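Trainee: In this text, residue positions in the sequence shown follow UniProt numbering: the first is 1, and each later residue adds one.
Take this structure first; my questions come after.
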Amino acid sequence: MGARASEPTADDNIQMASAISNQELVNAGMKTMDETDQAIERSKQVVHQTIEVGTQTATTLKGQIEQMGRIVNELDTFQFSIKKASQLVKEIGRQVFFLITFSLF
Numbered sequence: 001m002g003a004r005a006s007e008p009t010a011d012d013n014i015q016m017a018s019a020i021s022n023q024e025l026v027n028a029g030m031k032t033m034d035e036t037d038q039a040i041e042r043s044k045q046v047v048h049q050t051i052e053v054g055t056q057t058a059t060t061l062k063g064q065i066e067q068m069g070r071i072v073n074e075l076d077t078f079q080f081s082i083k084k085a086s087q088l089v090k091e092i093g094r095q096v097f098f099l100i101t102f103s104l105f
């Protein structure tokens, strides 16, 4: 009196348990791969955004450097103008002093 054909044998049960375990492992592996793919895509987006921010920052910085250069040039011009004006004021002061001194004598 053996096992009926419709009832699974012990070997069938072991194979079925292995198949379920293997299927669970495959499912877990597939889930892990999907999660990894999603993480990679998020990382790619972060890299892309970082590149965009870096490019915008570099462009802004370049504009600020150019603006600072223009400001330095203007300051040099102002300094030169102030120096010339100071020399003119000194010269006018000397001439006024000279005129006052000689007009008193």
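Backbone N, C-alpha and C fix where the C-beta goes; we use that ideal spot for every residue, glycine too.
As the structure is a computational prediction, the values presented were derived from the model and not from experiment.
For a test of your reading of the model: does the CB of residue 28 fall under 7 Å from any non-hydrogen atom of the ligand GDP? Yes or no.
Mentor: The ligand GDP is not part of this structure, which contains no ligands at all.
Trainee: DSSP three-state label for residue 18, please.
Mentor: Three-state DSSP puts residue 18 in a helix.
Trainee: With DSSP collapsed to three states, give me the class of residue 7.
Mentor: coil
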